[in-house]
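Once you know that position 103 of the sequence shown is 175 in the numbering used here, the rest is easy, because the numbers rise by one and skip nothing.
Using N, Cα and C, we set each Cβ at its ideal position, and we do this for glycine too.
As the structure is a prediction and not an experimental result, all values here were calculated from the model.
This report refers to the structure that appears directly beneath it.
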Amino acid sequence: MTTRRLACFDTIQSPALERYTPSENNQRKPQKPAFTGTEKAREKQAANMSEQAQARRDERKQTQPRSQALADFGLPPKTVDEDIDEITAIISQLGETARGKLLITLDNGTQWQQKDSQPMRLTTGLEVTIERGFLGAFFLSHDGVNRRIKVKRIR
Numbered sequence: 073m074t075t076r077r078l079a080c081f082d083t084i085q086s087p088a089l090e091r092y093t094p095s096e097n098n099q100r101k102p103q104k105p106a107f108t109g110t111e112k113a114r115e116k117q118a119a120n121m122s123e124q125a126q127a128r129r130d131e132r133k134q135t136q137p138r139s140q141a142l143a144d145f146g147l148p149p150k151t152v153d154e155d156i157d158e159i160t161a162i163i164s165q166l167g168e169t170a171r172g173k174l175l176i177t178l179d180n181g182t183q184w185q186q187k188d189s190q191p192m193r194l195t196t197g198l199e200v201t202i203e204r205g206f207l208g209a210f211f212l213s214h215d216g217v218n219r220r221i222k223v224k225r226i227r
């Protein structure tokens with residue numbers, strides 16, 4: 073039983089093996105398989121990425137000499153534009169989502185939705201502060217309370 077299976081396997085595989093192993097009759101080199109469309113796209117994308125990486129390296133070399141880079145190592149990055157770290161506004165409207173999260177509309181027209189489940193009592197006319205946190209998070213707080221809630225800007 074095993075011998076038949078192997079013999080059958082050998083008859084099926086022998087044409088394929090002859091293509092890849094040189095023999096007396098077959099001294100040519102094995103041919104590369106034809107590329108499919110996705111393989112060509114991947115190869116092209118890899119070439120583009122390497123070109124982009126090379127361009128970025130060249131740009132960095134041109135913008136800052138090595139001695140200056142060594143002198144600036146460990147210092148906070150220099151920023152041209154100052155980002156706003158916090159805003160203060162007055163609540164003009166309060167609402168609630170279907171899941172019980174707060175919807176807060178401020179007097180400057182922005183609308184914020186509560187993202188966590190921390191309870192906080194807010195009223196219309198209350199002055200609140202929204203400050204920037206790590207990784208794009210924003211936190212809403214107000215004076216007199218040592219608590220803040222995580223919010224996301226909707227509008």
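Segment limits, beta strand (DSSP E) that includes residue i
i           : result
residue 164 : 158-168
residue 178 : 174-178
residue 225 : 220-225
residue 213 : 210-214
residue 200 : 199-204
residue 183 : 183-186
Alpha-carbon spacing of residue i relative to residue j, whole angstroms
i           : j           : result
residue 198 : residue 213 : 10 Å
residue 126 : residue 207 : 29 Å
residue 165 : residue 187 : 18 Å
residue 173 : residue 216 : 22 Å
residue 128 : residue 211 : 35 Å
residue 171 : residue 155 : 33 Å
residue 205 : residue 123 : 35 Å
Residue from the options with nearest C-alpha to residue i
i           : options               : result
residue 228 : 193, 169 and 191      : A question about residue 228 goes unanswered here, because the residues of the chain that appear run from 73 up to 227.
residue 220 : 203, 208 and 83       : 203
residue 226 : 124, 159 and 175      : 175
residue 157 : 79, 195 and 209       : 209
residue 160 : 178, 82 and 85        : 178
residue 193 : 171, 206, 205 and 167 : 167
residue 181 : 189, 84, 162 and 216  : 162
residue 185 : 205, 222, 123 and 78  : 222
residue 190 : 218, 205, 196 and 201 : 218
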